[in-house]
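Counting in UniProt numbering, the sequence shown runs from 1 upward without gaps.
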Amino acid sequence: MLLISFFLQFSSAPKTLQQNPLLYAREENKNSLLSWLRQPPGVISLKNFHEILDRLEFIQSLNLPLDNGKEIHQNRLIQMAREGSRYSIQHLSRFNERKRYATIMAFLIHIYAFLTDQGLDMFAKLMGRMFNRGENKHNKQFQKDGKSINEKVRLYVEIGKALIEAKELETDPFEAVQSIISWEKFIHSVHEAESLARPIEFDYLDLLDNHYGHFRKMAPRLLNRYVFKASSTSQTVLQALELLKEVNQSGKRKIPDHVPTDFIKSKWMKYVYQDDKINRHYYEFSVFFRVTEYPSFW
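Quick look at the structure:
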């Protein structure tokens, strides 16, 4: 068979598979590694995201010429990959050695590409879920405080009218205020209003930093495992990703003061720059937000 001969011209492939018999032979009381690779990605969760990356790392550890599948007619490659994904371990063991290696190789090429896409897709959805939770928490907080905010607004409208009237009649403004509310209660109401106040922009991004710990459970591993690409117009995003990868690997806690920022949307800038310095948390958020928003980097 032409496809089998093509695979076997890369001597490292059969040798690698021979050295990893668990790829197609069952362990006692355990599924084979081949069965493990066949498992569907599962629902969107951090656990399943890491499970996908575990499988990608295992395939990479085999050091197989996975890119060589591009030189094979895709219909034939898909056909053999389907056989590799469908046939039982016992069925594969009946193949002659050359066909078995070629079938497994075709399957690995296919499943590697599939898992690569699934890992990125699940990461994007986990990021989206994280942003949605921040926005939902923001909205719920506003609804929770709505009654108190409304009470304060109505109170200060009354006080404002009383002060306007006092100005027009040239009467004591303090007496005007205390005709509505005692001075002690007025002071207390100001403190309450201060606690209810939100930032001027009133954006859910204010609450996003609460999710940084969860974000760090997935972003560094994605950076280490994937190689991102970008068009000439998006090179600064690529540079930002490489910078974050370097910071992670070096163990540094701070982001350099001069980093690529031209891709960051205006609403992010006041979070990224705080006290004239780069806020690492929000810089990382903004970079990956840009990546997941435009999957051309994948």
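Glycine is no exception: its CB is placed at the ideal position from the N, C-alpha and C atoms.
Same chain, Cβ closer than 6 Å to residue i, five either side skipped, listed in chain order
i	result
Arg100	Leu92
Gly111	As written in the sequence, residue 111 is Ile, which differs from the Gly given in the question. Contacts found: Leu37.
Thr236	Pro260, Asp262 and Phe263
Phe289	none
Glu165	none
Lys245	Leu223
Lys267	none
Ala124	Thr292
Asp209	His281
Beta-carbon contacts of residue i that lie in its chain and below 8 Å, excluding the five residues immediately before and after
i	result
Trp183	Phe174 and Val177
Arg225	Leu53, Leu56, Glu57 and Gly119
Ile180	Leu155, Glu158, Ile159 and Ala162
Phe95	Thr103
Leu46	Leu126, His214, Lys217 and Met218
Glu293	none
Val257	First, the amino acid is wrong: residue 257 is Asp here, not Val. If we look at Asp257 and ignore the five residues flanking it on each side, its Cβ neighbours are Lys277 and Ile278.
Ser85	Arg38, Phe107, His110 and Ile111
His50	Met218 and Arg221
Tyr273	Asn279
Tyr87	Thr103
Ile44	Met122, Lys125, Leu126 and Arg129
Residues bridged to residue i (per DSSP)
i	result
Ile278	Tyr273
Environment of residue i [buried if 16+ CB atoms lie within 10 Å]
i	result
Ile264	buried
Glu57	exposed
Ile109	buried
Gly251	exposed
Ile59	buried
Val153	exposed
Met105	buried
Ala81	buried
Leu115	buried
Gly42	exposed
Leu169	exposed
Val291	buried
Val287	buried
Expected contact under 8 Å - CB spacing of residue i and residue j to nearest Å
i	j	result
Asn48	Met122	7 Å
Ala230	Glu284	About 17 Å; that fails the 8 Å criterion.
Leu196	Ser148	6 Å
Tyr271	Leu222	Not a contact, Cβ separation roughly 22 Å.
Leu34	Ile89	7 Å
Closer than 6 Å: residue i CB and nearest the ligand GDP heavy atom
i	result
Leu196	You won't find the ligand GDP in this model; it holds no ligand whatsoever.
7 Å Cβ shell around residue i - same chain, five flanking residues per side excluded
i	result
Ile255	Val247, Ile278, Arg280 and Tyr283
Pro40	none
Ala193	Lys152
Lys185	none
Closer than 7 Å to chain D by CB, residue i
i	result
Leu66	Given the protein chain composition of this structure (a single chain), no chain D is represented.
Taking contact to mean at least 3 C-beta pairs separated by less than 8 Å, is the stretch 240-259 in contact with the stretch 276-291?
Yes: at least three Cβ pairs fall under 8 Å.
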